[in-house]
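Peer 1:
2 protein chains.
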Amino acid sequence: MKQPPSTLQRQLVLDAVKARSDHPSADQIYLDVRAVNDRISRSTVYRNLNVLVRMGMLHRVKLPDSDRYEYRPDKHYHLFCLGCGAVSDAPLDYPDELDEEMAIETGYSIERHRVVFEGLCPDCQKR
Amino acid sequence: MKQPPSTLQRQLVLDAVKARSDHPSADQIYLDVRAVNDRISRSTVYRNLNVLVRMGMLHRVKLPDSDRYEYRPDKHYHLFCLGCGAVSDAPLDYPDELDEEMAIETGYSIERHRVVFEGLCPDCQKR
DNA sequence: ATGGGTGCAAAGTGTTTGCAAGTAT
DNA sequence: ATACTTGCAAACACTTTGCACCCAT
Numbered sequence: 676m677k678q679p680p681s682t683l684q685r686q687l688v689l690d691a692v693k694a695r696s697d698h699p700s701a702d703q704i705y706l707d708v709r710a711v712n713d714r715i716s717r718s719t720v721y722r723n724l725n726v727l728v729r730m731g732m733l734h735r736v737k738l739p740d741s742d743r744y745e746y747r748p749d750k751h752y753h754l755f756c757l758g759c760g761a762v763s764d765a766p767l768d769y770p771d772e773l774d775e776e777m778a779i780e781t782g783y784s785i786e787r788h789r790v791v792f793e794g795l796c797p798d799c800q801k802r
Numbered sequence: 676m677k678q679p680p681s682t683l684q685r686q687l688v689l690d691a692v693k694a695r696s697d698h699p700s701a702d703q704i705y706l707d708v709r710a711v712n713d714r715i716s717r718s719t720v721y722r723n724l725n726v727l728v729r730m731g732m733l734h735r736v737k738l739p740d741s742d743r744y745e746y747r748p749d750k751h752y753h754l755f756c757l758g759c760g761a762v763s764d765a766p767l768d769y770p771d772e773l774d775e776e777m778a779i780e781t782g783y784s785i786e787r788h789r790v791v792f793e794g795l796c797p798d799c800q801k802r
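So, in structure tokens, the structure goes:
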């Protein structure tokens, strides 16, 4: 039941995330949205991020510093740079079987797993 | 260079974490420490958790809700219950090779990766 | 007219920090 | 003496919420 955004504000939030591939934080999205329309409030951006995530149109990435958002629909792993906070998608497949295995082993019903690789990006290594 | 805790407060914080296997949050640790000595402040607990993590005597587990702490020294994965927030260690080995692979593929220098399985624990499934 | 969405300011969490006083070596 | 640690309160970063108003159906 994926509905399209029903307000201008919602659409702008979605567009802002789509327009970036660097996993922006809520506040970066707010700033991008503000650059387009400076009458939109921070709470509206936060609220709409939550709505869009609930609708399944965006995904929230949980990182050591804060939550980030992405448009890419498939589950995947992430790389986090401890130096500059940059985030990128990891070149690894998401193994669904692992969730099933874990469910069987532990009795949990597993919805997903999240993986974050932490290290220094090439730029930060030079410094 | 693992030094033993040098103050009573530090020792109590370490003891409180050691005494639990349920990955307590900073505030739960604060409460446990308070139960032993009610003159210890919240900031002292937070500060000492940071010190102990920096010393390598404790490990910080990054979870969707807040940071948790554990004494177990080896890297491993975690299970997080979306219902009640319970955390446990996952029965899976930590593959060091994966960090090397990722480093080669991406140019990052990888320090570690963190894995959290999210789902419902057996108790929460019943509800 | 009804239900959802908005902006604003205030409140909420979880954590850190400035500071003056205290403690250990 | 020196460097480190404490308790307190205030500050912080990030996010959510109460409320009155607005908009679209």
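Chains as they are written, first to last, in our numbering: chain A, 676 to 802; chain B, 676 to 802.
For each residue, glycine too, the CB sits at the ideal point set by N, CA and C.
Where DSSP assigns a beta bridge to Tyr-744 of chain B, which residues make up the other side?
Peer 2: Residue numbering aside, residue 744 of chain B sits at position 69 when the second sequence is read from its first letter. Its beta-bridge partners are B:Arg-735.
Peer 1: How many whole angstroms separate the CB atoms of Tyr-783 of chain A and Leu-733 of chain B, which I take to be in contact at a CB cut-off of 8 Å?
Peer 2: By one-based count along the first sequence, residue 783 of chain A stands at place 108. By one-based count along the second sequence, residue 733 of chain B stands at place 58. So it is not a contact: roughly 25 Å between Cβ atoms.
Peer 1: If the cut-off is 9 Å on Cβ atoms, which residues from the stretch 772-793 of chain B count as contacting chain A, listed in chain order?
Peer 2: Leu-773, Asp-774, Glu-776, Met-777, Ala-778, Glu-780, Thr-781, Gly-782, Tyr-783, Ser-784, Ile-785, Glu-786, Arg-787, His-788, Arg-789, Val-790, Val-791, Phe-792 and Glu-793
Peer 1: Name the DSSP beta bridge partners of Val-692 of chain B, please?
Peer 2: As a working mapping, residue 692 of chain B is identified with position 17 in the second sequence. Val-692 of chain B pairs with nothing; no bridge assigned.
Peer 1: Decide yes or no for the touch test of the stretch 754-770 of chain B against the stretch 708-718 of chain A: beta carbon pairs closer than 8 Å, at least 3 of them.
Peer 2: no
Peer 1: Listing by chain order, which chain B residues have their CB less than 8 Å from the CB of Cys-796 of chain A?
Peer 2: By one-based count along the first sequence, residue 796 of chain A stands at place 121. Here the neighbours are Gly-782 and Tyr-783.
Peer 1: Would you call Arg-723 of chain B buried or exposed, if buried means 16 or more other Cβ atoms sit within 10 Å of its Cβ?
Peer 2: For the purposes of this step, residue 723 of chain B is identified with residue 48 of the second sequence, where counting begins at 1. Note that residue 723 of chain B is Asn in the sequence shown, not Arg. Buried, since its Cβ has 16 or more Cβ neighbours within 10 Å.
Peer 1: Between the alpha carbons of Ser-681 of chain A and His-698 of chain A, how many angstroms are there, rounded?
Peer 2: By one-based count along the first sequence, residue 681 of chain A stands at place 6. By one-based count along the first sequence, residue 698 of chain A stands at place 23. Each residue's alpha carbon lies about 24 Å from the other.
Peer 1: Could you tell me the alpha carbon to alpha carbon distance between Asp-774 of chain B and Lys-750 of chain B, rounded to whole angstroms?
Peer 2: By 1-based counting over the second sequence, the position of residue 774 of chain B is 99. By 1-based counting over the second sequence, the position of residue 750 of chain B is 75. Approximately 12 Å, taken between the alpha carbons.
Peer 1: Any beta-carbon of chain A closer than 8 Å to the one on Pro-699 of chain B?
Peer 2: In the second sequence, the residue the question calls residue 699 of chain B occupies position 24. Not closer than 8 Å to any Cβ of chain A, the Cβ of Pro-699 of chain B fails to qualify, so no.
Peer 1: Let me know the secondary structure DSSP gives Arg-709 of chain B once reduced to three states.
Peer 2: Numbered from 1 along the second sequence, position 34 holds the residue referred to as residue 709 of chain B. Three-state DSSP puts Arg-709 of chain B in a helix.
Peer 1: At least one CB of chain B closer than 8 Å to the CB of Leu-733 of chain A: is that the case?
Peer 2: Stepping through the first sequence from its first residue, residue 733 of chain A is reached at position 58. Taking Cβ atoms only, chain B never reaches closer than 8 Å to Leu-733 of chain A, which makes this a no.
Peer 1: Look at the alpha carbon of Tyr-744 of chain A and the alpha carbon of Leu-683 of chain B, and state the distance between them as a whole number of angstroms.
Peer 2: In the first sequence, residue 744 of chain A corresponds to position 69, counting from 1. In the second sequence, residue 683 of chain B corresponds to position 8, counting from 1. When rounded, the separation of the alpha-carbon atoms in Tyr-744 of chain A and Leu-683 of chain B is 43 Å.
Peer 1: Kindly list the residues whose CB is nearer than 8 Å to the CB of Asp-707 of chain A, restricted to its own chain and excluding five residues on each side of it in sequence; keep chain order.
Peer 2: To locate residue 707 of chain A, count along the first sequence from 1; it is residue 32. Residues of the same chain with a CB within less than 8 Å of the CB of Asp-707 of chain A, apart from the 5 flanking positions on each side, are Ala-691, Ala-694, Arg-695 and Pro-699 in chain order.
Peer 1: Would you verify that the beta carbon of Leu-757 of chain A is, or is not, closer than 8 Å to some beta carbon of chain B?
Peer 2: Counting from one through the first sequence, the residue named residue 757 of chain A turns up at place 82. True, the Cβ-Cβ gap to chain B drops below 8 Å.
Peer 1: Is the beta carbon of Phe-792 of chain B less than 8 Å from the beta carbon of His-788 of chain A?
Peer 2: Indexing the second sequence from 1 puts residue 792 of chain B at position 117. Indexing the first sequence from 1 puts residue 788 of chain A at position 113. Yes, these two residues count as a Cβ contact at 8 Å.
Peer 1: Which stretch, first to last residue, makes up the beta strand (DSSP E) that contains Leu-832 of chain B?
Peer 2: The structure shown does not extend to residue 832 of chain B, since chain B is modelled only from 676 to 802, so the question has no answer here.
Peer 1: Could you give the first and the last residue of the continuous alpha helix (DSSP H) run that contains Tyr-718 of chain B?
Peer 2: Along the second sequence, one-based indexing puts residue 718 of chain B at 43. Rather than Tyr, the amino acid found at residue 718 of chain B in this sequence is Ser. Start and end: 717-730.
Peer 1: The alpha helix (DSSP H) with Asp-771 of chain A in it runs from where to where?
Peer 2: Residue numbering aside, residue 771 of chain A sits at position 96 when the first sequence is read from its first letter. Asp-771 of chain A -> alpha helix (DSSP H) spans 771-781.
Peer 1: So which of A:Thr-719, A:Val-720, A:Val-728 and A:Ala-701 has the shortest CA-CA distance to Asn-748 of chain A?
Peer 2: Translated into positions along the first sequence, residue 748 of chain A becomes position 73. Contrary to the premise, residue 748 of chain A reads as Pro rather than Asn in this sequence. Selected option, being the one with the closest Cα: A:Val-728.
Peer 1: For a cutoff of 8 Å on Cβ pairs, would you count Leu-724 of chain A as touching chain B?
Peer 2: Here the question's residue 724 of chain A lines up with position 49 in the first sequence. So no, Leu-724 of chain A is outside the interface.
Peer 1: In chain B, which residues lie with their C-beta within 9 Å of the C-beta of Lys-737 of chain A?
Peer 2: Numbered from 1 along the first sequence, position 62 holds the residue referred to as residue 737 of chain A. Within chain B, the residues near Lys-737 of chain A are Lys-737, Leu-738, Pro-739 and Val-791.
Peer 1: Determine the burial state of Arg-802 of chain B: buried for a count of at least 16 other Cβ atoms within 10 Å of its Cβ, exposed for fewer.
Peer 2: In the second sequence, residue 802 of chain B corresponds to position 127, counting from 1. It counts as exposed.
Peer 1: Closest to Cys-756 of chain A by CA distance: which of A:Tyr-721, A:Gln-800, A:Gln-686 and A:Ala-778 is it?
Peer 2: Within the first sequence, residue 756 of chain A is the residue found at index 81, counting from 1. Out of A:Tyr-721, A:Gln-800, A:Gln-686 and A:Ala-778, A:Gln-800 has the C-alpha closest to the C-alpha of Cys-756 of chain A.
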